[in-house]
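Each remark here refers to the structure printed beneath this line.
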Amino acid sequence: MAISTLFHAGAVQAEELKFASWNIAWLGSHEYNERKDKDYRQLAHYAKKLDADVIALQEVEDENWARKVFGDDYDYYFSTKDWVQRVGVAVRKSTGYAVKAKEYKALDVGRVRNGMDVTLSKGDKKIQLLAVHLKSGCFDSPLDEKSVSAMPSTSEKEARRKEACEKLSKQISPLENWIDQRAAEQVPFIVLGDFNRRFSRDIALNYPENKGLWQALDDEGAEDLWTPTATADSACWGGYYKDYIDHIVFNPEAKKRYVKGSFDQLVFDEKYSRELSQTLSDHCPVSVKINL
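Going by UniProt numbering, the sequence shown opens with residue 1, and the numbers climb by one from there.
Shown next as structure tokens:
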């Protein structure tokens with residue numbers, strides 16, 4: 001009995017944390033944000049319903065704007081890039097985790113957003129995350145140099161799409177570097193946020209490593225990656241876009257700690273309208289639970 005008591009006293013208690021990602025479109029001082037007080041109350045309602053411990057935020061200008069939605073129960077860590085669409089991470093104060101946060105500027109390959117590299121630790125518990133918002137506009141086109149170079153650019157729309165694919169292809173290397181470094185350290189890590197890429201399409205098209213973003217990132221061994229969004233359909237706004245572009249990507253060490261079946265998408269109750277997609281968001285938050 002005494003031995004059993006000592007064992008339990010010294011045992012490390014598993015702790016469940018909820019990690020989420022939410023792109024809250026144009027939450028900041030930009031003219032595109034036309035939200036009124038009632039709209040912030042509505043966002044706050046969904047933030048409370050989300051009830052996440054750690055939230056990767058996209059298109060949020062800074063912590064003052066984040067507090068309008070999530071309140072004072074979180075500490076906020078934001079990139080400093082001079083643009084209203086910043087990437088940030090909110091960590092609930094009551095978790096008691098020490099937070100080490102720094103910008104990952106290597107993702108800025110030219111007028112695109114930095115990432116946020118955040119490490120959470122408490123005692124011998126540790127997890128590292130990279131919050132991202134990658135270049136928009138190249139959702140499933142091949143990313144190899146030959147294919148991108150051959151893309152037409154006679155119209156403004158075509159030129160924008162080609163530029164988007166060029167920039168997204170350039171973001172692969174810094175993403176791979178971050179993943180490779182974390183894998184070498186053998187720590188649990190996740191990469192989460194708005195990838196602006198339909199991984200399900202990358203997989204369905206059976207792209208080789210040089211053409212698909214998912215294939216470029218997903219390697220073997222310690223760099224073998226997994227995300228629940230690759231095999232699920234999005235129900236956001238009635239499934240208007242069925243392929244996820246918001247993802248939470250796990251390495252093997254993090255996947256061991258994934259609470260099976262915990263992946264969730266918080267779908268808004270309201271029926272889709274263009275106005276609501278701007279005052280709420282065109283993205284619904286996604287979340288997972290992880291045992292640390």
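Using N, Cα and C, we set each Cβ at its ideal position, and we do this for glycine too.
If you draw a straight line from the C-alpha of residue i to the C-alpha of residue j, how long is it?
i, j, result
"residue 114", "residue 182", "18 angstroms"
"residue 206", "residue 139", "15 angstroms"
"residue 89", "residue 204", "31 angstroms"
"residue 78", "residue 180", "24 angstroms"
"residue 92", "residue 153", "46 angstroms"
"residue 280", "residue 135", "22 angstroms"
"residue 51", "residue 289", "11 angstroms"
"residue 273", "residue 218", "36 angstroms"
"residue 100", "residue 119", "5 angstroms"
"residue 270", "residue 262", "24 angstroms"
"residue 276", "residue 22", "16 angstroms"
"residue 162", "residue 156", "10 angstroms"
"residue 221", "residue 248", "19 angstroms"
"residue 70", "residue 47", "6 angstroms"
"residue 198", "residue 20", "18 angstroms"
"residue 16", "residue 177", "29 angstroms"
"residue 131", "residue 150", "31 angstroms"
"residue 224", "residue 189", "12 angstroms"
"residue 233", "residue 26", "25 angstroms"
"residue 94", "residue 45", "20 angstroms"
"residue 164", "residue 256", "35 angstroms"
Under the rule that 16 or more other beta-carbon atoms within 10 Å means buried, what is residue i, buried or exposed?
i, result
"residue 108", "buried"
"residue 238", "exposed"
"residue 80", "exposed"
"residue 240", "exposed"
"residue 148", "buried"
"residue 259", "exposed"
"residue 38", "exposed"
"residue 13", "exposed"
"residue 76", "buried"
"residue 56", "buried"
First and last residue of the beta strand (DSSP E) that includes residue i?
i, result
"residue 19", "16 to 27"
"residue 253", "Careful: residue 253 lies outside any beta strand (DSSP E), inside the alpha helix (DSSP H) at 252 to 255."
"residue 125", "125 to 133"
"residue 75", "74 to 78"
"residue 194", "189 to 194"
"residue 100", "98 to 104"
Mapping DSSP to helix, strand and coil, what is residue i?
i, result
"residue 247", "strand"
"residue 85", "coil"
"residue 291", "strand"
"residue 109", "coil"
"residue 283", "coil"
"residue 63", "helix"
"residue 181", "helix"
"residue 265", "strand"
Alpha helix (DSSP H) containing residue i: first to last residue?
i, result
"residue 30", "Here residue 30 belongs to no alpha helix (DSSP H), and DSSP marks it neither H nor E."
"residue 148", "145 to 149"
"residue 242", "Element bounds for residue 242: n/a, residue is neither H nor E."
For chain B, is any of its Cβ atoms less than 9 angstroms away from the one on residue i?
i, result
"residue 165", "Among the protein chains of the structure shown there is no chain B, as only one such chain exists."
Would you kindly check if the distance between the Cβ of residue j and the Cβ of residue i is under 9 angstroms?
i, j, result
"residue 229", "residue 191", "no"
"residue 167", "residue 110", "yes"
"residue 212", "residue 202", "yes"
"residue 60", "residue 86", "yes"
"residue 292", "residue 125", "yes"
"residue 127", "residue 187", "yes"
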